[in-house]
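Protein chains in written order, with our numbering: chain A, 436 to 859; chain B, 3 to 303.
Each residue gets a CB set at the ideal place from its N, CA and C atoms; glycine is no exception.
For reference, the structure discussed in these notes is given below.
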């Protein structure tokens with residue numbers, strides 16, 4: 436590697452994508468192929484799964500074993516948890532959140548989707564758009580993953596028939612319309628043989644679009660974050676107590692929205708005081724500008740009493756500051772959600788107690804219909820609820836900002852994370 | 003026009019700093035596990051950046067197996083004094099002397115597994131409620147399912163099937179008395195990212211990572227560093243070779259790479275061409291298919 440290519444590597448962009456699928460739709464094969472073709476699988480890992488495949492009496496190397504990390508998973512031949520995988524091409528570095536696709540693992544899908552830029556949805560060409568496809572699309576949309584790649588897989592088993600591809604595409608467009616999804620890309624592939632995964636297939640002359648890898652290497656990520664509305668949840672106050680920095684007082688945090696520069700006007704929530712950005716520090720340097728998702732330290736012109744959980748915002752477009760909040764929740768716990776129950780809500784760097792005022796409706800995620808007559812919200816259920824918090828949260832709708840619009844719900848007794856909420 | 007995007011190293015750095023600051027904010031008495039290896043050196047560097055110009059607000063905890071490379075210990079002491087942080091040492095030798103741990107015997111005897119007991123003791127004695135570690139998900143398949151905030155029960159155990167869901171960057175560090183957390187800020191980094199970051203930030207590493215002459219011997223397909231307390235098999239002999247360490251752990255289980263690389267760029271080139279994972283050179287992980295998972299459940303790093 437010469438200096439140029441070292442520099443090239445340093446300039447790569449990071450893309451996080453999530454894959455959801457069941458045992459047979461070729462998800463693991465697709466991931467295995469990407470890892471193998473990008474040389475992210477090492478010899479010892481390959482040897483280990485060759486050994487394991489043989490031990491299970493399988494003829495071919497089972498690339499799925501690569502993603503099944505826990506002993507219970509290998510024993511049962513299933514993926515239980517979200518597994519994170521990494522690979523890089525000269526253009527981008529990728530983080531895959533690999534999640535099981537069965538309905539009983541909705542919570543894992545939601546978890547994997549929460550940080551993703553792209554959702555990869557696999558559709559078996561023989562089966563077309565099925566209940567599970569709709570469920571995956573629904574979750575991708577609920578979590579506001581900005582881009583969806585619909586891979587119509589196993590094209591080899593339908594003779595690479597264009598008509599089959601077009602029919603499935605038309606069916607998925609229907610789902611798109613129903614859910615209001617914006618950016619969907621379609622690609623016909625055979626993960627097993629590698630058609631249109633990394634290299635263009637000679638068997639699909641009718642398909643003129645990019646390969647799967649081309650797509651995820653080039654999807655535009657710039658608009659995925661909110662660069663319009665300045666939001667800065669204060670994580671902690673930096674007070675050095677050192678002679679050289681006697682009067683230093685900085686607010687550490689991760690930028691949740693907008694483009695920040697010294698001199699800009701700032702409103703502090705909840706106090707409402709207004710001041711200006713004095714400087715933005717990072718690791719000992721003053722920087723000219725900061726934007727999401729940078730972690731920085733902001734200094735202000737005036738000395739104001741500010742602590743963790745407060746938020747610095749643009750006075751011209753402040754977030755909501757309210758105690759009555761409606762949200763969609765995905766429930767994660769064996770213990771059902773209790774109407775009128777009390778929970779802890781964690782939102783940005785803030786933490787408040789809250790009461791569940793009302794369960795408005797539940798969603799049947801297979802048919803994407805609202806259910807009003809059964810309000811029992813159990814493990815893996817998705818519902819619309821109203822909560823009242825003990826003090827105001829400073830929030831935006833999840834659609835507008837995934838950082839300031841998301842919460843987790845914690846059980847006060849067990850300390851477990853029992854739900855995830857997306858503010859409406 | 004500005005494109006307002008960060009390169010992947012900057013984004014990973016921002017994520018790691020955020021996690022470290024969360025630890026400082028959510029816990030009363032955290033510590034940073036420091037081994038002297040490159041991952042913990044990067045962790046120390048990130049911690050310095052996260053809180054600057056304040057000092058790092060937690061001590062470093064080193065679990066000393068008593069079988070360390072001299073160079074690694076010297077480096078540790080130097081770094082700790084530069085950063086002005088407190089160093090707490092948990093000694094495996096003391097655990098053995100007091101009868102809490104029993105030394106393994108035989109040719110592949112290692113104190114690696116014994117570290118778990120010493121680590122849990124140190125966490126309990128010092129009342130640490132969170133321990134920051136440099137573990138990465140790309141290292142090993144059991145680690146691939148690890149959370150950033152990993153909950154441990156009062157026995158220090160990890161229950162992989164019952165982990166808390168972790169969404170967005172909202173970390174739940176709530177716990178009952180006696181429980182603690184292991185926190186892994188560089189979860190999403192790969193070995194390559196760590197080396198590229200060391201290159202980008204010009205971070206100093208112990209000399210062991212660069213090419214040097216060392217007495218070593220060949221066992222089970224790899225070169226191991228020789229130290230007087232190690233038992234050689236009849237057919238093994240000590241030879242001097244030009245080597246470097248790919249990871250730095252206990253001497254007994256740190257594999258060496260025959261290498262002439264003496265700059266970070268050369269090391270990166272070497273790694274880019276390597277076809278064996280970093281942990282493939284750690285004898286401790288070869289013991290069984292689920293070696294790491296088992297040790298982690300017991301409370302290992």
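Does any residue of chain B bring its CB to less than 8 Å from the CB of residue i?
i: residue 546(A); result: yes
i: residue 726(A); result: yes
i: residue 528(A); result: yes
i: residue 539(A); result: no
i: residue 781(A); result: yes
i: residue 886(A); result: A query on residue 886(A) cannot be resolved here, the shown segment of chain A reaching from 436 to 859 and no further.
i: residue 463(A); result: no
i: residue 833(A); result: no
i: residue 850(A); result: yes
i: residue 682(A); result: no
i: residue 612(A); result: no
i: residue 447(A); result: yes
i: residue 860(A); result: In the structure as shown, chain A begins at 436 and stops at 859. Residue 860(A) is therefore absent and cannot be evaluated.
Check whether the Cβ of residue i lies closer than 8 Å to any Cβ atom in chain A.
i: residue 237(B); result: no
i: residue 9(B); result: yes
i: residue 13(B); result: yes
i: residue 61(B); result: no
i: residue 1(B); result: Because chain B in this structure spans residues 3 to 303, residue 1(B) falls outside the shown range and cannot be described.
i: residue 289(B); result: With a pLDDT of only 48 at residue 289(B), under 50, the local geometry of the prediction cannot be trusted, and the value read off the model is given with reservation. Judged by the 8 Å Cβ criterion, residue 289(B) is not in contact with chain A.
i: residue 178(B); result: yes
i: residue 5(B); result: yes
i: residue 166(B); result: yes
i: residue 190(B); result: yes
i: residue 32(B); result: no
i: residue 140(B); result: yes
i: residue 24(B); result: yes
i: residue 56(B); result: yes
i: residue 170(B); result: yes
i: residue 53(B); result: yes
i: residue 146(B); result: yes
i: residue 263(B); result: no
i: residue 27(B); result: yes
List the whole-angstrom C-beta distance separating residue i from residue j, where the pair is believed to meet the contact cut-off of C-beta under 8 Å.
i: residue 531(A); j: residue 454(A); result: 6 Å
i: residue 838(A); j: residue 692(A); result: 7 Å
i: residue 712(A); j: residue 739(A); result: That belief does not hold up - the Cβ atoms of residue 712(A) and residue 739(A) are roughly 13 Å apart, past 8 Å.
i: residue 823(A); j: residue 787(A); result: Incorrect: roughly 10 Å between the Cβ atoms, too far for contact.
i: residue 634(A); j: residue 646(A); result: 7 Å
i: residue 254(B); j: residue 74(B); result: Wrong, their Cβ atoms sit about 14 Å apart, outside the cutoff.
Spell out the partners DSSP gives residue i in its beta bridges.
i: residue 587(A); result: 558(A) and 623(A)
i: residue 254(B); result: According to DSSP, residue 254(B) bridges with nothing at all.
i: residue 305(B); result: Outside the shown range of chain B, which is 3 to 303, sits residue 305(B), and nothing can be said about it.
i: residue 64(B); result: 91(B)
i: residue 225(B); result: 220(B) and 258(B)
i: residue 668(A); result: 746(A)
i: residue 134(B); result: 34(B) and 185(B)
How far does the alpha helix (DSSP H) with residue i in it reach, from first residue to last?
i: residue 235(B); result: Neither: residue 235(B) is in no alpha helix (DSSP H) and is coded neither H nor E.
i: residue 99(B); result: 94-99
i: residue 608(A); result: 597-614
i: residue 127(B); result: 117-127
i: residue 700(A); result: Counting along the chain, residue 700(A) falls outside any alpha helix (DSSP H), though it belongs to the beta strand (DSSP E) covering 700-704.
i: residue 857(A); result: Note, residue 857(A): premise wrong, no alpha helix (DSSP H); beta strand (DSSP E) at 852-858.
Taking 7 Å as the cut-off, does the CB of residue i come closer than this to any heavy atom belonging to the ligand FAD?
i: residue 834(A); result: The model on display carries no ligand, and the ligand FAD is accordingly not part of it.
Between which two residues does the beta strand (DSSP E) holding residue i run?
i: residue 568(A); result: Taken as a continuous stretch (DSSP letters only), residue 568(A) belongs to no beta strand (DSSP E), being part of the alpha helix (DSSP H) at 566-577.
i: residue 841(A); result: 841-845
i: residue 782(A); result: 777-782
i: residue 710(A); result: 709-717
i: residue 547(A); result: Taken as a continuous stretch (DSSP letters only), residue 547(A) belongs to no beta strand (DSSP E), being part of the alpha helix (DSSP H) at 541-548.
i: residue 755(A); result: 755-766
With a cut-off of 8 Å, does the C-beta of residue i fall near any C-beta of chain E?
i: residue 160(B); result: The question asks about chain E, but that chain is absent: this structure's protein chains are A and B.
> Looking at C-beta atoms only, is the number of pairs between the stretch 832-852 of chain A and the stretch 769-781 of chain A that lie closer than 8 Å three or more?
Replying inline: Between the stretch 832-852 of chain A and the stretch 769-781 of chain A there are three or more C-beta pairs closer than 8 Å, enough to call the two in contact.
>> Assess contact between the stretch 794-807 of chain A and the stretch 28-44 of chain B, defined as three or more Cβ pairs (one per stretch) separated by less than 8 Å. Is contact present?
In response: These segments do not touch.
> Between the stretch 174-181 of chain B and the stretch 9-16 of chain B, are three or more C-beta pairs nearer than 8 Å?
Replying inline: The stretch 174-181 of chain B vs the stretch 9-16 of chain B: no contact.
> On the three-pair Cβ rule with 8 Å, is the stretch 723-734 of chain A touching the stretch 750-768 of chain A?
Replying inline: no
> How about the stretch 584-598 of chain A and the stretch 621-629 of chain A: do they share at least three Cβ pairs that are nearer than 8 Å?
Replying inline: yes
>> Three Cβ pairs or more, each shorter than 8 Å: is that satisfied between the stretch 105-118 of chain B and the stretch 40-48 of chain B?
In response: no
> Touch check for the stretch 184-200 of chain B and the stretch 60-69 of chain B: three-plus C-beta pairs under 8 Å?
Replying inline: no
>> Below 8 Å, how does it come out for the stretch 551-566 of chain A and the stretch 446-453 of chain A: are there three or more Cβ pairs, yes or no?
In response: yes
> Do the stretch 119-131 of chain B and the stretch 63-73 of chain B touch if we need at least three Cβ pairs shorter than 8 Å?
Replying inline: At 8 Å Cβ cutoff, the stretches touch.
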